[in-house]
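J.:
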Amino acid sequence: MINLYGLEITKLEQEMLSRNQKKFRATQLYSWIYGKNAQNFDDMSDISKSFIEELKRDFCLSIPKIYRKQESKDGTIKLLLELEDGNKIETALMPYNYGNAICVTSQVGCNMGCSFCASGLLKKKRNLEVHELVGQVLVMNNLLKEKNQRVSHIVVMGTGEPFDNYDNVLDFIRIMNHPKALAIGARHITVSTCGLIEGIKKYAHEGLQTNLAISLHAPNDELRNKIMRINKFYPLDKVMEAVRYYEKEANRRVTFEYIMLKGVNDSIEHAKQLVELIRGTLAYVNLIPYNEVDEMEYKRSSDESTHNFMSYLLKHGVNTTVRKEFGKDIDAACGQLRAKEQKHE
Ligand code: SAH
Numbered sequence: 146m147i148n149l150y151g152l153e154i155t156k157l158e159q160e161m162l163s164r165n166q167k168k169f170r171a172t173q174l175y176s177w178i179y180g181k182n183a184q185n186f187d188d189m190s191d192i193s194k195s196f197i198e199e200l201k202r203d204f205c206l207s208i209p210k211i212y213r214k215q216e217s218k219d220g221t222i223k224l225l226l227e228l229e230d231g232n233k234i235e236t237a238l239m240p241y242n243y244g245n246a247i248c249v250t251s252q253v254g255c256n257m258g259c260s261f262c263a264s265g266l267l268k269k270k271r272n273l274e275v276h277e278l279v280g281q282v283l284v285m286n287n288l289l290k291e292k293n294q295r296v297s298h299i300v301v302m303g304t305g306e307p308f309d310n311y312d313n314v315l316d317f318i319r320i321m322n323h324p325k326a327l328a329i330g331a332r333h334i335t336v337s338t339c340g341l342i343e344g345i346k347k348y349a350h351e352g353l354q355t356n357l358a359i360s361l362h363a364p365n366d367e368l369r370n371k372i373m374r375i376n377k378f379y380p381l382d383k384v385m386e387a388v389r390y391y392e393k394e395a396n397r398r399v400t401f402e403y404i405m406l407k408g409v410n411d412s413i414e415h416a417k418q419l420v421e422l423i424r425g426t427l428a429y430v431n432l433i434p435y436n437e438v439d440e441m442e443y444k445r446s447s448d449e450s451t452h453n454f455m456s457y458l459l460k461h462g463v464n465t466t467v468r469k470e471f472g473k474d475i476d477a478a479c480g481q482l483r484a485k486e487q488k489h490e
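Mapping to my numbering: the sequence shown position 15 is 160, numbers consecutive.
#1: Hey, quick one: how far does the beta strand (DSSP E) through Q215 stretch, first residue to last?
#2: DSSP on G330, reduced to helix/strand/coil?
#3: Restricting to Cα atoms, I'd like to know which of N185, Y212 and K223 is closest to C205.
#4: In angstroms, rounded to a whole number, what distance separates the CA positions of V296 and E227?
#5: At a threshold of 7 Å, does A263 count as lining ligand 1 (C-beta to nearest heavy atom)?
#6: For N182, count neighbouring C-beta atoms within 10 Å of its own C-beta (all shown protein chains included) and say buried if the count is 16 or more, exposed if not.
#7: Verify the contact flag: V388, CB atom, against every heavy atom of ligand 1, threshold strictly below 7 Å.
#8: Quick check: is any heavy atom of ligand 1 less than 7 Å from the C-beta of S446?
#9: With three or more beta-carbon pairs closer than 8 Å as the criterion, would you say the segment 247-256 touches the segment 346-363?
#10: Between V438 and ligand 1, is there a pair consisting of the residue's CB and a ligand heavy atom that are separated by less than 7 Å?
#11: What residues in its chain sit with their C-beta under 7 Å from that of E216, if we drop five residues either side in the sequence?
#12: For the segment 272-308, which segments carrying the beta strand (DSSP E) assignment without a break, of at least 3 residues, lie completely within its bounds, in sequence order?
#13: Closest to P364 by C-alpha separation, out of R424, H350, I320 and N464, would be which residue?
#14: May I ask you to verify whether the segment 272-284 touches the segment 342-352, counting CB pairs closer than 8 Å and requiring at least 3?
#15: Can you check whether the C-beta of C259 is within less than 8 Å of a C-beta belonging to chain D?
#16: Could you check what DSSP says for S176 in three-state terms: helix, strand or coil?
#17: Which residue or residues does DSSP assign as beta-bridge partners of P240?
#18: In the DSSP assignment, what are the bridge partners of K223?
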């Protein structure tokens, strides 16, 4: 059985051609399964009976099951989803005033080994399939339907490293962006990487107007080596070179994410180093209030340090914002719900 939600349009077209169908069947199917949200093949009234039978025989339309659901007072929804093989992943929805942003998981577990992150508590088991990436958005859309809403923004910032699952993440983005599928604008889609430089360079040539975020979190190699193991493989000069390459080739600016960790990376000296490091790029900096994790010693920076850090960056010409927080009353920190659940099993 092929899960229809796993096929990017050119692959679905190939699939149709190989079955002696016309190429346009692919967009026709997209209109049914995404545009009209058809969940079974019998509803597809403009497709011949015999081809419907063939579709029913060879394809399925299945999405992950909701295993656990937490809803915050502010409207944030956090789901623990169960995949067909029993693995569980987290997906979150953040209701911004401009729309509903979903935070999508790209792998079961993560091997990047960032010392502050709860997702890395569970090692990578496998990459998510395209239909499991798409499925996260469809599950959320089904929940939002009751409120007459839908997912309008996507951030690939859940568990996992998207560029360690490059091809599937790319197919996912193309499906989300396709006008006959969910038609989510490229500028409403953000991919976040811890700095896999081959991925950044390749992504520059995908012809997408999506946003790219780089998890920086430290302005020098000594500190970044300590908190992000990946820096030992891809040190800051390589990351910065890849960022400059991306800016030039894709003609898009990146966002640097910088978690504010109390007493670790949040001094004015760090801010000064950060300004030096990113000088000459067009990048934005997004300061992230740290979500404390039970198993970890890191603490979030005070509002005052965050404010001073931001003021320093702004004064030196760096566009800076502080990330809005959601779901404070639920396990909103990345990977926390899943890590807790796994402990009880
Ligand atoms: N692997 C990718 C995407 C997943 S992590 C990456 O590293 O970018 C998404 C973002 O959440 C990263 O910036 C990550 O550093 C950040 N993050 C991880 N744990 C966090 C926590 N406890 N509080 C706040 N942000 C966190």
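Ideal Cβ placement from N, Cα and C applies to all residues, glycine included.
T.: Taking the coordinates as given:
#1: Here the question's residue 215 lines up with position 70 in the sequence shown. Per DSSP, Q215 belongs to the beta strand (DSSP E) from K210 to E216.
#2: Here residue 330 is taken as the residue at index 185 of the sequence shown, counted from 1. The three-state secondary structure of G330, taken from DSSP, is coil.
#3: Here residue 205 is taken as the residue at index 60 of the sequence shown, counted from 1. Comparing Cα positions, the closest option is N185.
#4: The sequence position of residue 296 within the sequence shown is 151, counting from 1. The sequence position of residue 227 within the sequence shown is 82, counting from 1. Going by the C-alpha atoms only, they are around 20 Å apart.
#5: Residue 263 sits at position 118 when you count from the first residue of the sequence shown. Answer for A263: yes, Cβ within range of ligand 1.
#6: For the purposes of this step, residue 182 is identified with residue 37 of the sequence shown, where counting begins at 1. By the neighbour-count rule (16 or more Cβ atoms within 10 Å), N182 is not buried but exposed.
#7: For the purposes of this step, residue 388 is taken as residue 243 along the sequence shown, with counting starting at 1. Outside the cutoff, so no.
#8: Locating residue 446 in the sequence shown gives position 301, where the first residue counts as 1. No.
#9: no
#10: Sequence index remark: in the sequence shown, residue 438 carries index 293 (1-based). Checking the Cβ of V438 against ligand 1 gives yes.
#11: Taking the sequence shown and counting its residues from 1, one reaches residue 216 at position 71. Answer for E216: I222, listed in chain order.
#12: Those beta strand (DSSP E) runs which fall completely within the segment 272-308 and span 3+ residues are 296-301.
#13: Sequence index remark: in the sequence shown, residue 364 carries index 219 (1-based). Among R424, H350, I320 and N464, the Cα nearest to that of P364 belongs to R424.
#14: no
#15: Although the question refers to chain D, the structure presented lacks it and comprises just one protein chain.
#16: Residue numbering aside, residue 176 sits at position 31 when the sequence shown is read from its first letter. If DSSP states are grouped into helix, strand and coil, S176 belongs with the helices.
#17: Here residue 240 corresponds to residue number 95 of the sequence shown, with the count starting at 1. Partner(s): N245.
#18: On the sequence shown, residue 223 is found 78 positions in, with the first residue counted as 1. DSSP output for K223 lists Q215 and A237 as bridge partner(s).
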